[in-house]
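Colleague:
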Amino acid sequence: MGKIKEKNIQYMIAKEPKMLGRGELKLIDMEVTYENKRRLDLLFQSKDLKIIYEVEIQLGQLNGSHLFRTVEYWLNERENKSGHKHVAVLIAQVVTERALEIVKLCMENVSIIILEMTAHESENGILDLKFREVYPGECAIVDEYKQYEEYEEIVLCDRQYYENYAPEALLNAADTIFRILKEIDPVIEMNYTQGYIGFKTGKIRGLAFIVIKKEELILKLVLEKLAETETKIRDLGLDLIGYAERKGKKCGEYKIRLKVDDVKNKEADLKVLLNMAHEYNTKN
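Residues are numbered in the numbering used here as their position in the sequence shown, beginning at 1, plus a constant of 2.
Now the structure itself:
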């Protein structure tokens with residue numbers, strides 16, 4: 003049995019957020035990247051829409067740098083999603099009395115909950131997580147009469163979900179796009195949700211997405227909106243649907259409609275565009 007990986011803990015919490023003890027939550031984002039390249043692990047919204055939870059995981063002992071980084075994420079999301087109550091949730095395996103003293107001194111005006119986590123992985127790879135609340139720092143007030151914005155839920159799944167309903171030819175076409183991305187960056191991984199298939203690396207998450215329809219794929223490329231990019235897509239003979247801004251993100255995405263034959267016959271062209279998305283997201 004090897005060392006427990008943070009990404010496995012992240013995935014389990016994303017699938018079963020109720021274990022955090024905050025009631026019914028829906029996942030609205032993962033690995034949220036900010037301008038300073040730092041990334042928040044998980045972002046949830048309460049069932050009643052009123053509260054946004056910024057959840058950060060730290061293996062080992064809670065330290066000051068992680069604490070203040072979590073507060074930074076909390077401040078960022080308060081600005082990005084103003085009008086909601088925001089609560090930071092910092093999870094660590096060990097929380098010392100000294101660390102709690104620092105929290106009590108410095109976090110009086112911050113809504114932050116600290117959970118101490120016990121994690122065990124069995125010999126057959128089953129992960130068991132338990133949480134103990136050691137600092138119940140919710141202090142923000144909710145306006146009971148306000149209309150709160152609802153954010154789209156992300157429902158994680160696995161490949162089997164797509165194999166059960168997606169046409170084989172379209173799933174194979176998605177695999178081809180994945181292969182092209184692996185040629186650009188060998189550590190890229192597929193990330194399955196019920197709404198889309200995403201692609202991520204250790205450095206960047208969300209450079210491209212695929213939505214599988216009944217007879218086609220929608221390829222979404224995360225890029226800055228530029229006239230020359232739109233011209234390039236059209237000059238390559240691809241069916242550009244348009245450009246869509248992404249709520250809370252600094253840039254939007256180009257949407258391209260692809261048939262199976264497009265993926266087979268235009269691999270080189272798709273590689274050019276995917277490389278553009280990879281370069282842009284690596285730099286930004």
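For every residue, glycine included, the Cβ atom is placed at its ideal position computed from N, Cα and C.
Using the three-state DSSP reduction, which class does Y66 fall into: helix, strand or coil?
Modeller: As a first step, residue 66 is located in the sequence shown; it is residue number 64 there, counting from the start. A small fix is needed here, since residue 66 is Gly in this sequence, not Tyr. The answer is helix: DSSP assigns G66 an H, G or I state.
Colleague: State buried or exposed for I243, treating a residue as buried only when at least 16 other CB atoms are found within 10 Å of its CB.
Modeller: Numbered from 1 along the sequence shown, position 241 holds the residue referred to as residue 243. Per the 10 Å Cβ criterion, exposed.
Colleague: How long is the line joining the alpha carbons of A231 and D241, rounded to whole angstroms?
Modeller: Within the sequence shown, numbered from 1, the residue matching residue 231 stands at position 229. Within the sequence shown, numbered from 1, the residue matching residue 241 stands at position 239. Residue identity check: residue 231 is Thr in the sequence provided, not Ala. Straight-line Cα distance between these residues: approximately 13 Å.
Colleague: Between E79 and I54, which are expected to be in contact by the criterion C-beta below 8 Å, what is the C-beta distance as a whole number of angstroms?
Modeller: Start at 1 with the first residue of the sequence shown, and residue 79 comes out as number 77. Start at 1 with the first residue of the sequence shown, and residue 54 comes out as number 52. Confirmed, Cβ separation roughly 6 Å.
Colleague: Look at the Cβ atom of V189, then the Cβ atom of G208, and state whether they are nearer than 8 Å.
Modeller: Stepping through the sequence shown from its first residue, residue 189 is reached at position 187. Stepping through the sequence shown from its first residue, residue 208 is reached at position 206. Not in contact: V189 and G208 (Cβ atoms no closer than 8 Å).
Colleague: Taking 8 Å as the cut-off, decide whether the C-beta atoms of I156 and Y137 are in contact.
Modeller: Your numbering for residue 156 matches position 154 in the sequence shown. Your numbering for residue 137 matches position 135 in the sequence shown. No, the pair does not count as a contact, with Cβ atoms beyond the cut-off.
Colleague: Out of curiosity, what's the CA-to-CA distance linking I93 and R161?
Modeller: Taking the sequence shown and counting its residues from 1, the one referred to as residue 93 is at position 91. Taking the sequence shown and counting its residues from 1, the one referred to as residue 161 is at position 159. The straight-line gap from Cα to Cα measures roughly 29 Å.
Colleague: Are the stretch 6-13 and the stretch 117-133 in contact at 8 Å, needing three or more beta carbon pairs?
Modeller: In short, these stretches touch, since the Cβ pair count reaches three.
Colleague: On the DSSP letters alone, give me the boundaries of the beta strand (DSSP E) that R41 sits inside.
Modeller: Numbered from its first residue, the sequence shown carries residue 41 at position 39. Looking at the DSSP string, the run of the beta strand (DSSP E) that includes R41 is R41 to S48.
Colleague: Using a Cβ-Cβ cutoff of less than 8 Å, which residues in the same chain neighbour L173 once the five nearest sequence positions on both sides are dropped?
Modeller: Mapped onto the sequence shown, residue 173 falls at position 171. Closer than 8 Å at the Cβ level, and outside the excluded window around L173, lie Y164, E165 and I214.
Colleague: Determine the direct distance from the alpha carbon of I59 to that of R100, and round the result to whole angstroms.
Modeller: Here the question's residue 100 lines up with position 98 in the sequence shown. Here the question's residue 59 lines up with position 57 in the sequence shown. Distance between the alpha carbons of R100 and I59 is about 19 Å.
Colleague: Is L117 closer than 8 Å to L22 when the C-beta atoms are compared?
Modeller: Counted from its first residue, the sequence shown places residue 22 at position 20. Counted from its first residue, the sequence shown places residue 117 at position 115. A contact, by the Cβ cut-off of 8 Å.
Colleague: For a quick check, are the C-beta atoms of Q47 and L27 less than 8 Å apart?
Modeller: Along the sequence shown, read from residue 1 onward, the residue named residue 47 stands at position 45. Along the sequence shown, read from residue 1 onward, the residue named residue 27 stands at position 25. It is a contact, given that the beta carbons lie within the stated cut-off.
Colleague: Please work out which residues of its chain come closer than 6 Å, Cβ to Cβ, to K268, disregarding the five sequence neighbours upstream and downstream, and give them in chain order.
Modeller: Here residue 268 is taken as the residue at index 266 of the sequence shown, counted from 1. Correct list: empty, nothing qualifies.
Colleague: Let's test the definition: count the other Cβ atoms within 10 Å of the Cβ of K106 and tell me whether it reaches 16, buried, or not, exposed.
Modeller: Taking the sequence shown and counting its residues from 1, one reaches residue 106 at position 104. So K106 counts as exposed.
Colleague: Figure out for me which residue from N82, D31 and V262 has the closest Cα to the Cα of T195.
Modeller: Position 193 of the sequence shown holds residue 195. Selected option, being the one with the closest Cα: D31.
Colleague: Let's see if you can read the secondary structure: which residues bound the beta strand (DSSP E) around Y194?
Modeller: Position 192 of the sequence shown holds residue 194. From DSSP, the beta strand (DSSP E) with Y194 extends over E191 to Y194.
Colleague: What is the DSSP secondary structure of I235, counted as helix, strand or coil?
Modeller: Mapped onto the sequence shown, residue 235 falls at position 233. Reduced to three states, the DSSP call for I235 is helix.
Colleague: Look up I115 in the DSSP assignment and say whether it is helix, strand or coil.
Modeller: Reading the sequence shown from its first residue, position 113 is the one you call residue 115. I115 falls in the strand class under three-state DSSP.
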